[in-house]
Amino acid sequence: MYWTLIKAGVLRKKVRSVLTVLSVSIAFLLFGLLQAASPIFTGQMDGLRADLVMTMSRYSMVGKIPYSHVEFIKEIEEVESVLYMDYITSVSQDSMLDGITVAMGGDIEIYERFKISNEDLKAFKNLKIGALVGEAFAIEKDISIGDRVFVKSLSMNADGTYDWEFEVVGLYNSSPKADEMGIVVNYDYFEDSRISDKGTVAVIVSKVSNPEFADVISQKIDDEFTNSSWATRSGPESQLAASMMAEFGDIELIINAILSAVFFTILLVTGNTISQSVRERTTDLAVLKTLGYQDNQIFIMVLLEALFLILLGVFTGLGMSLLSIPAINAASGGLIEGLFFLTTEKLLLACFIGVLVSFVSSIMPAYKALNLKVVDALRSD
Amino acid sequence: MSETLIKVENVNKTYQRGGETLTVLDGLNLDVPNQDFLALMGPSGSGKSTLLNLMGGLDTPTSGGIGINGVQLDQMNAKQLSSWRSSNVGFIFQFYNLLPVLTADKNVELPLLLTNLSKSQRKDHVLTAMKAVGIDDRSDHKPNELSGGQQQRVAIARALVSDPDILVCDEPTGDLDRNTATEILELLKILNEDHGKTIIMVTHDPVAAESAKRVLHLDKGKLTD
């Protein structure tokens with residue numbers, strides 16, 4: 001019964017219905033793309049682990065902490081292994097590489113996001129100037145194993161220059177792919193050769209025996225250094241990335257504010273459309289009531305009609321988003337793969353928002369239709 | 001003529017307009033026998049459409065009683081009236097009031113969507129009703145592809161499709177030319193005489209009223225003859 005009536009209502013003004021569906025679909029396309037991009041801005045990406053505790057300078061993301069912190073962390077009972085790293089900032093001028101060069105030491109294996117073959121890892125550990133290059137970076141720069149790469153850095157080398165030379169001994173993969181845009185070198189070599197910031201690291205990654213200990217251990221580390229000039233900020237990798245990104249600003253709040261404005265506008269647009277549609281069909285609705293349709297059936301019909309229009313827009317918009325995501329990922333050369341995606345939760349959230357917008361926008365027109373007096377409606381015809 | 005089908009007893013209908021009480025029907029009594037074809041005439045504002053609405057179960061009286069086939073409409077709530085209308089009364093309007101995006105057969109089918117009939121049963125009923133009014137060859141046409149007379153035939157088929165005892169017609173020929181009006185009136189007569197439908201028709205047209213078995217005049221909410 002309802003389908004015939006909904007079809008009659010929707011098709012009565014085809015252009016208006018199409019425009020309504022289009023406006024809703026554009027809003028949900030925007031929703032889909034912004035939500036897909038959200039992990040890039042919020043650090044809430046897949047694959048971040050709860051059993052890895054990250055420790056860094058409390059006051060600056062690029063700040064340094066002393067290597068002695070590594071020794072302290074190693075002594076904590078629940079910590080199984082420790083990896084530490086520092087960044088070699090490269091300058092593009094006269095530099096072969098403009099990616100990120102990371103000097104890693106300790107138990108590199110625990111950083112499972114970086115997939116390195118045993119053979120390459122062994123070669124890396126055996127050669128002081130050895131370097132592992134991200135596969136995407138290697139492809140972009142046409143770097144092969146055995147090549148020598150040069151980095152012009154802000155860190156002065158022991159020879160008095162800012163030039164650093166490494167030999168590529170292997171490749172690594174990672175997810176997200178963006179992490180492949182760099183090279184990994186031996187911390188010990190970098191530490192031995194640099195003039196400044198000696199005895200420091202940028203980040204310490206410790207693998208804990210149970211993810212449930214991660215918060216307690218993080219707190220323990222931070223408490224230890226809280227009053228020193230090398231205060232730390234620690235946390236599980238899965239949380240710390242988000243809190244670091246939050247320092248740039250609450251991007252998620254901004255995204256949500258934009259989406260709220262869009263949905264509020266859509267609410268007004270669809271509310272107006274449904275109201276106008278019901279107003280124009282006063283006689284039709286009165287005739288249906290005359291034929292024996294109950295008030296509540298007419299009420300439900302108006303709600304379902306709005307739901308149909310809006311869900312059609314929601315599915316179209318989300319469909320366009322889902323089709324766009326692989327295309328955008330491909331256009332980025334895979335760099336945002338693993339960072340640009342829509343979760344089932346987000347898709348369900350979109351459907352819920354659609355249902356909510358539909359209900360709010362149609363409840364008043366539906367109520368008017370419910371209370372429509374047949375005699376008055378037909379008299380005013 | 002047979003037993004009384006519709007009994008209107010001392011019906012009053014008043015409206016409040018700007019603090020003033022407007023009496024539209026004033027202590028009206030009327031008996032309509034089964035299979036009657038009654039024409040109601042009278043000047044505008046005389047109360048004939050209001051009386052028609054009351055007998056069709058679209059409205060309830062301020063006081064008094066309306067009994068149809070032993071059922072007291074004045075004691076029903078809106079939901080009960082809707083259910084009653086769907087199976088007991090067919091409505092025919094001056095301007096046809098067909099849903100513009102539905103084809104003729106889909107318009108005729110509308111009352112049947114409220115029933116438990118299967119799709120094929122509904123289709124059979126629709127075809128029967130459309131054949132009865134001679135419009136079955138236009139079943140897949142939309143209202144704007146039909147003439148006024150054809151649209152009114154579709155509207156009559158819609159009124160007939162659930163096989164009600166009573167047809168309530170509000171100026172059914174008011175929007176039609178004389179020849180088409182005559183055809184529609186002939187059709188109503190056939191429905192009354194051959195199919196036993198009780199017809200109550202409001203009209204301003206004396207020629208249309210001649211098709212009825214009885215003509216009653218209203219003025220200021222009272223029957224004058």
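Residue numbers (our numbering), protein chains in the order written: chain G, 1 to 381; chain A, 1 to 225.
From the three backbone atoms N, C-alpha and C, an ideal C-beta is built for every residue, glycine too.
With DSSP run on the structure shown, which of helix, strand or coil describes L216 (chain A)?
Along the second sequence, one-based indexing puts residue 216 (chain A) at 216. Here L216 (chain A) sits in strand by DSSP.
Could you pull out every unbroken alpha helix (DSSP H) segment of at least 4 residues lying fully inside the region 71-140 of chain A, listed in chain order?
78-88, 104-109, 119-132
For E3 (chain A), count neighbouring Cβ atoms within 10 angstroms of its own Cβ and tell me buried if that reaches 16, exposed if not.
In the second sequence, counting from the first residue as 1, residue 3 (chain A) sits at position 3. When all chains shown are included, E3 (chain A) counts as exposed.
Identify the contact partners of Y367 (chain G) in chain A, using a Cβ-Cβ distance below 9 Å as the criterion.
As a working mapping, residue 367 (chain G) is identified with position 367 in the first sequence. By Cβ distance, chain A contributes nothing, its closest Cβ being about 15 Å from Y367 (chain G), past 9 Å.
To the nearest angstrom, how far is it from the Cα of L98 (chain A) to the Cα of K346 (chain G)?
Locating residue 98 (chain A) in the second sequence gives position 98, where the first residue counts as 1. Locating residue 346 (chain G) in the first sequence gives position 346, where the first residue counts as 1. In a straight line, the C-alpha of L98 (chain A) is about 43 Å away from that of K346 (chain G).
Give the interface partners of M1 (chain G) over in chain A, defined as CB-CB distance under 8 Å, in chain order.
If you number the first sequence from 1, residue 1 (chain G) lands on position 1. What M1 (chain G) touches in chain A: L113, L114.
Quick one: Cα of G45 (chain A) to Cα of P33 (chain A), how far?
By one-based count along the second sequence, residue 45 (chain A) stands at place 45. By one-based count along the second sequence, residue 33 (chain A) stands at place 33. C-alpha separation (whole angstroms): 26 Å.
So W3 (chain G) is in the alpha helix (DSSP H); what residue range does that whole segment cover?
Position 3 of the first sequence, counted from the start, is the residue given in the question as residue 3 (chain G). Run containing W3 (chain G): 2-12, per the alpha helix (DSSP H) assignment.
To the nearest angstrom, how far is the alpha carbon of S81 (chain G) from that of Y59 (chain G)?
The sequence position of residue 81 (chain G) within the first sequence is 81, counting from 1. The sequence position of residue 59 (chain G) within the first sequence is 59, counting from 1. Roughly 25 Å separates the two Cα atoms.
Which term fits K197 (chain A), buried or exposed, when burial requires 16 or more other beta carbons within 10 angstroms of its beta carbon?
The count along the second sequence starts at 1 and reaches residue 197 (chain A) at position 197. Here K197 (chain A) is buried, its C-beta having at least 16 other C-beta atoms within 10 Å.
Do V208 (chain G) and D51 (chain G) have their C-beta atoms within less than 8 Å of each other?
Numbered from its first residue, the first sequence carries residue 208 (chain G) at position 208. Numbered from its first residue, the first sequence carries residue 51 (chain G) at position 51. Contact flag set, yes.
Give the secondary structure of D381 (chain G) by DSSP, where H, G and I count as helix, E and B as strand, and everything else as coil.
To locate residue 381 (chain G), count along the first sequence from 1; it is residue 381. Since pLDDT at D381 (chain G) reaches only 44, below the 50 mark, its modelled position is unreliable, and the value read off the structure follows with that caveat. D381 (chain G) falls in the coil class under three-state DSSP.
Quick one: give me the first and last residue of the alpha helix (DSSP H) that N29 (chain A) is part of.
By one-based count along the second sequence, residue 29 (chain A) stands at place 29. Segment 20-33 is the beta strand (DSSP E) holding N29 (chain A); no alpha helix (DSSP H) there.
Any contact between the region 10-29 of chain A and the region 80-89 of chain A? By contact I mean 3 or more CB pairs, one from each, below 8 Å.
no
By a C-beta neighbour count over all protein chains shown, 10 Å radius and 16 as the cutoff for buried, is D381 (chain G) buried or exposed?
Position 381 of the first sequence, counting from 1, holds the residue named residue 381 (chain G). Low confidence applies to D381 (chain G): its pLDDT is 44, below 50, so where it sits in the model is not reliable enough to give any reading.
Give me whichever residues DSSP pairs with T232 (chain G) in a beta bridge.
As a working mapping, residue 232 (chain G) is identified with position 232 in the first sequence. The partner list for T232 (chain G) (beta bridge, DSSP) reads G:S57.
For the region 67-81 of chain A, which residues have a beta carbon sitting closer than 7 Å to at least one beta carbon of chain G?
A78, K79
Taking 8 Å as the CB-CB limit, is S120 (chain A) close to chain G?
As a first step, residue 120 (chain A) is located in the second sequence; it is residue number 120 there, counting from the start. It does not: the Cβ of S120 (chain A) has no partner Cβ on chain G nearer than 8 Å.
Given a cut-off of 8 Å on the beta-carbon distance, is the pair K177 (chain G) and A136 (chain G) in contact?
The residue labelled residue 177 (chain G) in the question sits at position 177 within the first sequence. The residue labelled residue 136 (chain G) in the question sits at position 136 within the first sequence. In this structure, A136 (chain G) lies closer than 8 Å to K177 (chain G) by Cβ.
If you run the structure through DSSP and keep just helix, strand and coil, what is R281 (chain G)?
Looking up residue 281 (chain G) in the first sequence gives position 281. In the structure shown, R281 (chain G) falls within a coil segment according to DSSP collapsed to helix, strand and coil.
Cβ of K106 (chain A) less than 8 Å from any chain G Cβ?
For the purposes of this step, residue 106 (chain A) is identified with residue 106 of the second sequence, where counting begins at 1. Yes, contact with chain G.
Return helix, strand or coil for Y172 (chain G), following the three-state DSSP convention.
Along the first sequence, one-based indexing puts residue 172 (chain G) at 172. Residue state, collapsed to three classes: strand.
Could you confirm whether any beta carbon from chain D is found closer than 8 Å to the beta carbon of V287 (chain G)?
In summary, chain D is missing from the structure at hand, where the protein chains are G and A.
Let me check understanding here. Comparing Cα to Cα, which of G:V168, G:S332, G:N173, G:K220 lies closest to V79 (chain G)?
Position 79 of the first sequence, counted from the first residue, corresponds to residue 79 (chain G). Checked all of G:V168, G:S332, G:N173, G:K220; the closest Cα to V79 (chain G) is G:K220.
Hey, would you say P61 (chain A) sits closer than 8 Å to K13 (chain A), going by beta carbons?
By 1-based counting over the second sequence, the position of residue 61 (chain A) is 61. By 1-based counting over the second sequence, the position of residue 13 (chain A) is 13. By the CB criterion at 8 Å, P61 (chain A) and K13 (chain A) fall inside the cutoff.
Can you give the beta carbon distance from V151 (chain G) to S90 (chain G), rounded, assuming they're within the 8 Å contact cut?
Reading the first sequence from its first residue, position 151 is the one you call residue 151 (chain G). Reading the first sequence from its first residue, position 90 is the one you call residue 90 (chain G). Yes, they are in contact, since the Cβ atoms of V151 (chain G) and S90 (chain G) sit about 5 Å apart, within 8 Å.
Opposite A131 (chain G) in the DSSP bridges: which residues?
Translated into positions along the first sequence, residue 131 (chain G) becomes position 131. Residue pairing by DSSP puts A131 (chain G) in a beta bridge opposite G:V168, G:V185.
By the criterion of Cβ-Cβ separation under 7 Å, what are the contact partners of Q294 (chain G) in chain A?
Translated into the one-based positions of the first sequence, residue 294 (chain G) becomes position 294. Correct list: K79, S82.
How would you write the range of the beta strand (DSSP E) that L38 (chain A) sits in, first residue to last?
Translated into the one-based positions of the second sequence, residue 38 (chain A) becomes position 38. Annotation for L38 (chain A): the continuous beta strand (DSSP E) segment containing it runs 37-41.
Helix, strand or coil: how does DSSP classify I65 (chain G) here?
Residue mapping note: residue 65 (chain G) aligns to position 65 of the first sequence, counting from 1. When secondary structure is reduced to three states using DSSP, I65 (chain G) falls in the strand class.
Among the candidates A:G221, A:N192, A:T182, whose CA atom is the shortest distance from the CA of V207 (chain A)?
On the second sequence, residue 207 (chain A) is found 207 positions in, with the first residue counted as 1. Comparing Cα positions, the closest option is A:T182.
Could you give the residue range of the beta strand (DSSP E) that holds E80 (chain G)?
The residue given as residue 80 (chain G) occupies position 80 in the first sequence. Unbroken beta strand (DSSP E) run through E80 (chain G): 79-88.
Would you check if the distance between the CB atom of G64 (chain A) and the CB atom of N10 (chain A) is smaller than 8 Å?
On the second sequence, residue 64 (chain A) is found 64 positions in, with the first residue counted as 1. On the second sequence, residue 10 (chain A) is found 10 positions in, with the first residue counted as 1. Yes, they are a contact pair.
Name the DSSP bridge partner or partners of I100 (chain G)?
As a working mapping, residue 100 (chain G) is identified with position 100 in the first sequence. Beta-bridge pairing links I100 (chain G) to G:G182.
For N53 (chain A), go through chain G and note every residue whose CB falls closer than 7 Å to its CB, in chain order.
In the second sequence, the residue the question calls residue 53 (chain A) occupies position 53. The contacting residues are V375.
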